[in-house]
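Trainee:
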Amino acid sequence: MRGDFTMRLPGSGCSPDFPEPRHVISRDQVRFHRCAAPCRQIIDVPEYHFDDIRNVDHVLDIGANVGAFCLRAARFSRHVVAVEPVTTDILEENVALNHAGVLVIKGALGAGEPVEIVWDECRVMSPTYSLKKIIGMSGVCDFLKCDCEGAEWLIQPRDLDGIRRIEMELHIPPISGSPNPALLEYIGNRYTFSLDRSPVNSALGVMGILHATLK
0 MRGDFTMRLP GSGCSPDFPE PRHVISRDQV RFHRCAAPCR QIIDVPEYHF
50 DDIRNVDHVL DIGANVGAFC LRAARFSRHV VAVEPVTTDI LEENVALNHA
100 GVLVIKGALG AGEPVEIVWD ECRVMSPTYS LKKIIGMSGV CDFLKCDCEG
150 AEWLIQPRDL DGIRRIEMEL HIPPISGSPN PALLEYIGNR YTFSLDRSPV
200 NSALGVMGIL HATLK
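Using numbering that gives the first Met the number 0, read the sequence shown as starting at 0 and increasing by one per residue.
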């Protein structure tokens, strides 16, 4: 569930108030550090579908938060890359705690310029990269999970070429700008898709979760 461990204490990693790092274990046996941070740490993502990840797939998790998706994806694939601008330190701790084969990139999806990213009470300046650049840094992408608070509309449609599966949270104002019709048309023409309009995170500004498979 979202936001279970929001401890609004100073620092972006585990608090020194806990000399022995504590962790919790999810129902499906994923381990997460219980860390002090002024923002939500999402440990469960039931809204995403990923049981069709293949062992040979290269998985890209954009907006990884503390690892709820990428840690589970790593059980299916040996090639998982997670991109996260805010909770990167906690994410790396969770990757180590689970002995997961996940490469972490600190940054965000965007237009290539540094931007200030706000997540609850956290504000960070982060580098941003186009999807094409992120895929270049990762090597390949077969399976894309993307939750980037509206930056998905900056994706150039052709950057999706070669991606077999997409799981993406789609946003509308006030979280994001207007949807990109060219991106929606590209996905509609090349993918079989459904849109779950009742995602777990049903806050204002969320259109829904896109589940898409290349035709």
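Glycine included, every Cβ here is placed at the ideal spot set by N, Cα and C.
Let me know the alpha helix (DSSP H) ranges lying completely inside the segment 92-141, each 4 residues or longer, listed in chain order.
Mentor: 130-137
Trainee: Are the Cβ atoms of Cys-38 and Glu-168 separated by less than 8 Å?
Mentor: no
Trainee: From what residue to what residue does the beta strand (DSSP E) around Ile-186 run?
Mentor: From DSSP, Ile-186 is part of no beta strand (DSSP E) but of the alpha helix (DSSP H) over 180-189.
Trainee: In chain order, what are the residue ranges of uninterrupted alpha helix (DSSP H) at least 4 long that sit wholly in the segment 50-87?
Mentor: Secondary structure within the segment 50-87: the alpha helix (DSSP H) runs of 4 or more consecutive residues, fully enclosed, are 67-72 (chain order).
Trainee: Using a Cβ-Cβ cutoff of less than 8 Å, which residues in the same chain neighbour Ala-95 once the five nearest sequence positions on both sides are dropped?
Mentor: Here the set comprises nothing.
Trainee: Which value, in whole angstroms, describes the spacing of the CA atoms of Val-29 and Ile-186?
Mentor: 32 Å
Trainee: Determine whether the beta carbon atoms of Phe-192 and Arg-164 lie at a separation below 8 Å.
Mentor: no
Trainee: Can you tell me whether Asp-27 is buried or exposed? The criterion is at least 16 other CB atoms within 10 Å of its CB, across all chains shown.
Mentor: exposed
Trainee: Count the other CB atoms within 10 Å of the CB of Asp-60; is the residue buried (16 or more) or exposed (fewer)?
Mentor: buried
Trainee: Take the Cβ of Asp-3 as the centre, count every other Cβ of all protein chains shown within 10 Å, and call the residue buried at 16 or more, exposed below.
Mentor: Any answer about Asp-3 is weak, because its pLDDT of 36 lies below 50 and its placement is not dependable; what the coordinates show is given next. The residue is exposed, with fewer than 16 neighbouring Cβ atoms inside 10 Å.
Trainee: Quick test of your reading: Asn-54 and Leu-70, contact by CB under 8 Å. State the CB separation rounded to the nearest angstrom.
Mentor: Wrong, their Cβ atoms sit about 16 Å apart, outside the cutoff.
Trainee: Is there contact between the segment 77-86 and the segment 101-109, where contact requires at least three CB pairs shorter than 8 Å?
Mentor: yes
Trainee: What is the rounded straight-line gap between the Cα of Val-139 and the Cα of Leu-203?
Mentor: 33 Å
Trainee: My assumption, with CB atoms under 8 Å, is that Lys-132 sits in contact with Gln-155. Please give the rounded CB distance.
Mentor: The distance from the Cβ of Lys-132 to that of Gln-155 is about 11 Å, inconsistent with a contact at the 8 Å cut-off.
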